[in-house]
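Residue numbers (the numbering used here): 31 to 292. Below is one structure; the comments refer to it alone.
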């Protein structure tokens with residue numbers, strides 16, 4: 031029997047959610063994203079859980095991003111369920127009433143990096159590497175993800191990361207504000223769960239209300255209908271380009287892409 035791609039374990043007031051695809055460096059797919067959102071939404075009714083720790087299985091990767099082979103199914107599932115799986119998972123983290131801590135071993139790339147920065151706190155091993163690289167694939171990142179990165183690192187650094195598609199090491203990630211703390215890999219679990227226990231020991235109503243207020247101050251808001259239409263037109267133009275086909279193909283063939291701007 032195939033192993034479950036998302037593992038959920040509860041101990042006292044802490045719930046650990048593990049993306050369980052170590053053979054694919056915990057790459058995300060539609061199933062994982064919807065399951066993650068569903069799990070967090072279900073946990074809202076669990077009065078015992080006061081902190082969630084999100085991690086990838088093993089110590090090689092938090093998540094290497096979207097599984098390239100599964101990207102075409104995103105549009106199909108969005109149409110079927112009426113919710114984009116990436117946005118659904120991220121919004122479930124944001125709206126979950128208690129803190130979600132990302133425990134980051136190894137790679138957190140693309141949508142995997144987005145998943146990490148959407149969490150309230152991020153503790154990284156000194157082996158971590160982070161970045162969001164749609165420009166390397168000839169595609170455009172969704173506005174919601176761009177806004178999340180701006181909220182975390184500020185506009186100049188968000189532009190630098192998006193325009194270059196560069197991956198940064200753990201110390202650089204801390205300097206940029208991508209993570210709260212960097213620790214030796216062998217100490218990551220103990221430091222993360224010490225933090226989780228410290229938060230769980232505080233007044234839950236106070237913690238929950240504080241998170242809700244912070245989210246409102248960050249002003250997570252949807253685009254106007256006019257702006258949404260313009261953004262969707264820009265994205266559609268890029269996705270219909272030759273470059274959008276060349277990027278993933280070059281990635282799969284392990285070669286440098288030859289972008290032609292058309």
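C-beta: ideal position from N, C-alpha, C; glycine also.
- In this structure residue 92 is in contact with residue 142, their Cβ atoms being roughly 6 Å apart against a cut-off of 8 Å.
- CA-CA distance, residue 231 to residue 266, rounds to 47 Å.
- Excluding five sequence positions before and after residue 63, the CB atoms of its chain that fall closer than 7 Å to its own CB belong to 115, 116, 118 and 119, given in chain order.
- DSSP places residue 136 in the strand class (E or B) of the three-state scheme.
- When DSSP states are grouped into helix, strand and coil, residue 157 belongs to the coil group.
- Between the alpha carbons of residue 134 and residue 85 lies a distance of about 6 Å.
- Taken through DSSP and simplified to helix, strand or coil, residue 92 comes out as strand.
- Ranked by how close their Cα comes to the Cα of residue 157, the residues 282, 89 and 69 have 89 in first place.
- Beta-bridge analysis with DSSP links residue 46 to 39 and 83.
- Counting C-beta pairs with one atom in each stretch, the segment 213-230 and the segment 54-70 have fewer than three that are closer than 8 Å, which means they do not touch.
- For residue 211, the enclosing beta strand (DSSP E) starts and ends at 211-213.
- Residue 166 and residue 33 have their alpha carbons spaced roughly 32 Å apart.
- Going by DSSP, residue 181 is part of the alpha helix (DSSP H) stretching over 173-183.
- With contacts defined as CB atoms closer than 7 Å, residue 209 and residue 154 qualify as a contacting pair.
- The secondary-structure analysis by DSSP pairs residue 130 across a beta bridge with 82.
- For residue 58, the pairing in a beta bridge is given by DSSP as 96.
- From the listed residues 206, 245, 219 and 287, the smallest Cα separation to residue 87 is found for 219.
- Under DSSP, residue 199 forms a beta bridge with 159.
- Comparing C-alpha distances from residue 130 to each of 175, 269 and 237 shows the shortest one belongs to 237.
- In this structure, 173 is the residue among 173, 163 and 65 with its C-alpha nearest to the C-alpha of residue 263.
- With 16 or more other Cβ atoms from the protein chains shown falling within 10 Å of its own Cβ, residue 163 counts as buried.
- Between residue 144 and residue 184, the C-beta gap is not smaller than 7 Å, which leaves the two residues out of contact.
- Going by DSSP, residue 221 is part of the alpha helix (DSSP H) stretching over 218-230.
- Spatial neighbours of residue 97 in its own chain (CB-CB distance under 6 Å, excluding positions within 5 residues in sequence) are listed in chain order as 57 and 59.
- Judged by DSSP secondary structure, residue 117 falls within the alpha helix (DSSP H) whose first and last residues are 115-125.
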